[in-house]
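Chains as they are written, first to last, in our numbering: chain S, 7 to 420; chain V, 59 to 318.
The beta carbon of each residue, even a glycine, is placed where N, CA and C say it ideally should be.
Bear in mind the structure is a predicted one, so any value in this text is a computation, not a measurement.
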Amino acid sequence: MRFVLVGTSHHHAPVELRERVALDPAQGAALAARLAAGGGEAVCLSTCNRTELYVAAVDVDAAERAAVAALAELEPEVEPALYRLRDHAAALHLFRVAAGLDSLVPGEGEILGQVRTAHEAGTTGALLDRVFRQAVHAGRKVRAQTAIGETPASVSSAAAALAEQVFGDLEGRSILLVGAGKISEQAARNLLSRRAEIAFVANRSLDHAADLAERFGAEPLPLDRLEQQLASADVVVSSTSAPGYVLDAATVERALRVRRGRQLLLIDLAVPRDLDPAIHDLAGCYLYDIDDLEAIVAETLAGRRGETERAEAIVAAESEKFHEWQASLEIAPAIASLRARAEEIRAAELRKAEGLLGRLDESQRNAVEAMTAQIVNKLLHLPTVRMKQAAAAADGVIYADAVRHLFGLGEDER
Amino acid sequence: MAELLFWPALLCYGEAAVGYFGYVRRAGAAGRAAIWGVRLGWLAQTALLAVQATREDGFPWGTWAGSLNLFVWLVVTVYLGVRRPYRLVGLAVMPLAAALLIVSRAGGGTGVGARSHYSNLFLVLHVGLVLAAFAGFTLAAALSAFYLWQERRLKRREVTILRRQAPSLATLDRLASRAVMFSLPALTLGLAVGLVRLFADGERVDALVAATVVTWLVWAAYLVLRVTRGWTGRRGAYVALVGFALVIVIRLALPATHFA
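Shown next as structure tokens:
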């Protein structure tokens, strides 16, 4: 059995096309089951960046045609944007996908979970089960042995990571949002995912502040009450559309007097800026504006790209292991047939010599049994090893066919 | 022959110090080489101390140089207990350990055969407690130096701040204060035992004892100011470095006074 991958991704198709072949988990599972009907195997991996069908079958050409037809059924225009890979190349591609090396942001972590979910929802047997398990293993290994996924890839996640650099664990840390727009909300969600607490939402319009505050279980504030809450907040995230500074250094300095040395991180996501840059010069205050954060993100992304070389090496090694395993599947029946044939001949020859052996006592008979078995094992040892070695190379199947031909092993044993 | 154990210990500590500098530039192999340097160096030094302990009649680290040897070992032992994210503290600890080990050897503290005229119990209590406290202060100072370095990166808005992540300011500050909280009682007790002995023998307070009392005051002030005036963070870190400077002065002032 062999397997084929048919799919499209952000490298080959624009989002308008990808969205037409995107499948939700239930649709993906149903399509996989349909493609696997008749003893095959299939997995559908559909994310916002890709839709890929992995199909294993005895007739791999027919499996490929069926996969192409299934995607073309969803959107006929997708066909020119489809890539088709088989066996080793398909496995290498899947391992790169699981490791985040084929993602828009190298090393992004979400894809590993999506590969695992696709595997669980698929209709798998020995081949696809093995390749997906090994893909998840490769993805984990890349994340454990390289720094590819350790750094943030967006401004809002960089802001949250900066907060961790100042405060460590963010659990229970108090966040003050200034501005109730989408950018504030996005930054707040990132901080919330790290267990911080959105305590206050301050905005020029109290109604808007109340809307956002309600979603986060926070207290809405008018902007003129900012100073009072600065005393208790740990992180201030600001993104209003105000033309001037919403918070000046003198106000923050007054608030610092009651903070007893506690640090304050201020994130200014607004353009024009909301927070007076002089705040950064105050002891215990760290102010980062949008340019600072974008520079940090650019650097972390450069770092991720620097790690891709090591990640690619890990993925290539894992894919090689899979290739060896898959090749051994081809050669294993030939080896088993050869050994069975040898054993058959040995047993037959021993039966022929029954008249002579009958005169021997039990220990002598055992010695003859052991000796003949040893001769067969020694004769077959080297061919077996050589066939296993050849299995990983392109001529592995030729070796297997040659052995079948030379030893007259039946076609039915293949 | 046993004295030769000094060399692998020094070599490994030196390698660890260099390794940590490499680690700052790029995480990975340099960091692993550094921690293995610390481990192997510590084993060699432990073996050296064990040989010294078995071959001596009295307390083997009663000389200033011998106590410096023990002090280095205590500092590295405390450092080995530090968990992975804080291993970069080694950047401050290991060069110091290597340098002090060389000073200890120059003073004959790593040899076998020196003899103390003090009783064992007194020295174990006095020297042991004071050196344990100093080892704790060294760790607190290293954490404080680490704090100042990390704070400087945040203030300078270094773009690599998230690529080469260090422990958070809050964590470094908390760990440093904990190290002081454990070390100050040890110094208090060690100092008290020494003073009792001093007055019982009718001797006068020497420069070293006076400097140790000042050191005690500085570290006590570190805790008091922290609680009463909110001197955490940068200000606390500076106080810790002053306290540590006094520890170093005391360690290097020993031959001139206490052991004369």
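Per DSSP, which one or two residues make a beta bridge with residue i?
i, result
"Tyr-81 of chain V", "Answer by DSSP bridge pairing: none, since Tyr-81 of chain V is not bridged."
"Cys-291 of chain S", "S:Leu-270"
"Ala-319 of chain S", "According to DSSP, Ala-319 of chain S bridges with nothing at all."
"Leu-11 of chain S", "S:Tyr-60 and S:Leu-91"
"Cys-50 of chain S", "S:Leu-59"
"Thr-129 of chain S", "S:Ala-48"
"Ala-208 of chain S", "S:Val-184 and S:Leu-227"
"Glu-300 of chain S", "Answer is none; Glu-300 of chain S lacks a bridge partner."
"Leu-242 of chain S", "Before going further, note that residue 242 of chain S is Val rather than Leu in the sequence given. In DSSP, Val-242 of chain S forms a bridge with S:Leu-182 and S:Leu-272."
"Glu-220 of chain S", "Glu-220 of chain S pairs with nothing; no bridge assigned."
Would the beta-carbon of residue i fall within 8 angstroms of that of residue j?
i, j, result
"Glu-47 of chain S", "Thr-129 of chain S", "yes"
"Ala-193 of chain S", "Leu-293 of chain S", "no"
"Leu-182 of chain S", "Ala-205 of chain S", "yes"
"Ala-317 of chain S", "Leu-107 of chain S", "yes"
"Leu-100 of chain S", "Ala-73 of chain S", "no"
"Thr-257 of chain S", "Pro-112 of chain S", "no"
"Leu-158 of chain V", "Val-109 of chain V", "no"
"Leu-29 of chain S", "Ser-15 of chain S", "no"
"Ala-340 of chain S", "Val-409 of chain S", "yes"
"Thr-306 of chain S", "Leu-220 of chain V", "yes"
"Arg-167 of chain S", "Ala-105 of chain S", "Just to set this straight, residue 167 of chain S is Ala in the shown sequence, not Arg. No; because the gap between Cβ atoms is not below 8 angstroms, this pair is not in contact."
"Glu-61 of chain V", "Gly-165 of chain V", "no"
"Leu-299 of chain S", "Ser-244 of chain S", "no"
"Leu-23 of chain S", "Glu-83 of chain S", "yes"
"Ala-124 of chain S", "Gly-34 of chain S", "yes"
"Leu-68 of chain V", "Ile-160 of chain V", "yes"
Find the nearest neighbour of residue i within the set the options, judged by alpha-carbon distance.
i, options, result
"Val-238 of chain V", "V:Leu-201, V:Thr-104 and V:Gly-186", "V:Leu-201"
"Ser-241 of chain V", "V:Gly-252, V:Leu-189, V:Ile-160 and V:Ala-258", "V:Leu-189"
"Ala-132 of chain S", "S:Ala-397, S:Trp-331, S:Ala-373 and S:Asp-367", "S:Trp-331"
"Leu-271 of chain S", "V:Ala-228, V:Val-147, V:Val-217 and V:Leu-146", "V:Ala-228"
"Leu-232 of chain S", "S:Tyr-251, S:Arg-195 and S:Leu-91", "S:Tyr-251"
"Ala-173 of chain S", "S:Glu-355, S:Val-391, S:Leu-197 and S:Ala-159", "Checking the sequence shown, residue 173 of chain S turns out to be Phe, not Ala. Closest by alpha carbon: S:Leu-197."
"Thr-270 of chain V", "V:Gly-165, V:Leu-132, V:Val-282 and V:Gly-301", "V:Gly-301"
"Arg-149 of chain S", "S:Gly-115, S:Gly-34, S:Pro-389 and S:Thr-390", "S:Gly-115"
"Val-272 of chain V", "V:Leu-283, V:Thr-286 and V:Thr-246", "V:Thr-246"
"Ala-95 of chain S", "S:Leu-11, S:Leu-168 and S:Ala-373", "S:Leu-11"
"Tyr-60 of chain S", "S:Ala-166, S:Val-49 and S:Ile-117", "S:Val-49"
"Val-307 of chain V", "V:Leu-275, V:Thr-290, V:Thr-286 and V:Ala-265", "V:Ala-265"
"Arg-26 of chain S", "S:Thr-306, S:Glu-85, S:Leu-288 and S:Ala-68", "S:Glu-85"
"Gly-309 of chain S", "V:Thr-218, V:Val-276, V:Gly-77 and V:Thr-168", "V:Thr-218"
"Ala-3 of chain S", "S:Asp-295, S:Arg-90 and S:Pro-278", "For chain S, the structure presents residues 7 to 420; residue 3 of chain S sits outside this window and is missing."
"Ser-235 of chain V", "V:Val-254, V:Trp-277 and V:Gly-260", "V:Trp-277"
"Arg-210 of chain V", "V:Trp-94, V:Leu-69, V:Gly-291 and V:Ala-111", "V:Gly-291"
"Arg-210 of chain S", "S:Glu-220, S:Leu-229 and S:Ala-224", "S:Leu-229"
"Arg-56 of chain S", "S:Leu-168, S:Ala-19 and S:Arg-221", "S:Ala-19"
"Arg-139 of chain S", "S:Leu-388, S:Lys-327 and S:Pro-339", "S:Lys-327"
"Val-184 of chain S", "S:Asp-213, S:Gln-171, S:Leu-388 and S:Val-207", "S:Val-207"
"Leu-181 of chain V", "V:Ser-125, V:Leu-206, V:Leu-132 and V:Ala-67", "V:Ser-125"
"Ala-219 of chain S", "S:Lys-188, S:Ala-323 and S:Glu-336", "S:Lys-188"
"Gly-290 of chain S", "V:Gln-208, V:Leu-275 and V:Val-285", "V:Gln-208"
"Arg-97 of chain V", "V:Gly-120, V:Tyr-81 and V:Pro-66", "V:Pro-66"
Return the Cβ separation of residue i and residue j in integer angstroms, given the expectation that the two are a contact with Cβ distance under 8 angstroms.
i, j, result
"Leu-227 of chain S", "Ala-215 of chain S", "6 angstroms"
"Ser-325 of chain S", "Ala-97 of chain S", "5 angstroms"
"Ala-244 of chain V", "Ala-191 of chain V", "4 angstroms"
"Phe-204 of chain V", "Val-147 of chain V", "5 angstroms"
"Val-303 of chain S", "Ala-164 of chain S", "5 angstroms"
"Phe-9 of chain S", "Ala-75 of chain S", "Wrong, their Cβ atoms sit about 17 angstroms apart, outside the cutoff."
"Arg-145 of chain V", "Gly-89 of chain V", "7 angstroms"
"Phe-129 of chain V", "Ala-193 of chain V", "6 angstroms"
"Gln-151 of chain S", "Ile-320 of chain S", "6 angstroms"
"Ala-155 of chain V", "Val-140 of chain V", "The Cβ separation is near 13 angstroms, so there is no contact."
Find the residues of chain B that neighbour residue i, judging by a C-beta separation of less than 7 angstroms, and give them in chain order.
i, result
"Ile-302 of chain S", "Given the protein chain composition of this structure (S and V), no chain B is represented."
Proximal residues, the stretch 286–304 of chain V versus chain S, C-beta separation under 9 angstroms:
Within the stretch 286–304 of chain V, the residues whose Cβ lies closer than 9 angstroms to some Cβ of chain S are Arg-287, Gly-288, Trp-289, Thr-290, Gly-291, Arg-292, Arg-293 and Gly-294, listed in chain order.
Item checked: Residues within the stretch 269–298 of chain S neighbouring chain V, beta-carbon criterion of under 8 angstroms -> The residues in question are Gln-269, His-286, Ala-289, Gly-290, Tyr-292, Tyr-294 and Asp-298.
Relative to chain V, which residues along the stretch 252–270 of chain S have a C-beta separation below 7 angstroms, given in chain order? Correct list: Arg-266, Gly-267 and Gln-269.
Closer than 7 angstroms, Cβ to Cβ, to anything on chain S: give me those residues from the stretch 226–252 of chain V, in chain order.
-> Residues passing the 7 angstroms Cβ filter: Ser-226, Leu-227, Ala-228 and Thr-229.
(Q) Short of 9 angstroms Cβ to Cβ, which residues in the stretch 174–190 of chain S face chain V? (A) For the stretch 174–190 of chain S, which is checked against every Cβ of chain V, the residues closer than 9 angstroms are Gly-174 and Asp-175.
Check: Quick one, which residues of the stretch 209–222 of chain V are near chain S if we go by CB-CB under 8 angstroms, in chain order?
Finding: If the cut-off is 8 angstroms between Cβ atoms, the stretch 209–222 of chain V has Leu-212, Lys-213, Arg-215, Val-217, Thr-218, Ile-219, Leu-220 and Arg-221 near chain S.
Practice task
Would you list, in chain order, the members of the stretch 141–160 of chain S that have their beta-carbon closer than 8 angstroms to a beta-carbon of chain V?
Solution key: Correct list: Ala-153, Glu-156, Thr-157 and Pro-158.
Open item on the list: Taking beta-carbon pairs under 8 angstroms, can you tell me which members of the stretch 300–327 of chain S lie near chain V?
Closed with: Hits within the stretch, in order: Ala-301, Ile-302, Ala-304, Glu-305, Thr-306 and Gly-309.
### Query
For the stretch 187–220 of chain S, which residues have a CB atom closer than 7 angstroms to at least one CB atom of chain V, in sequence order?
Within the stretch 187–220 of chain S, no residue has a Cβ that lies closer than 7 angstroms to any Cβ of chain V.
Note down, in chain order, all residues in the stretch 368–399 of chain S with a beta-carbon under 8 angstroms from any beta-carbon belonging to chain V. Hits within the stretch: zero.
Q: Please name the residues in the stretch 71–84 of chain S whose beta-carbon is closer than 7 angstroms to at least one beta-carbon of chain V, in chain order.
A: Result list empty, no residue passes.
TODO: Mind checking the stretch 41–60 of chain S against chain V and listing, in chain order, the residues whose C-beta falls within less than 9 angstroms of any C-beta there?
DONE: Taking 9 angstroms as the Cβ-Cβ cut-off against chain V, none of the residues of the stretch 41–60 of chain S qualify.
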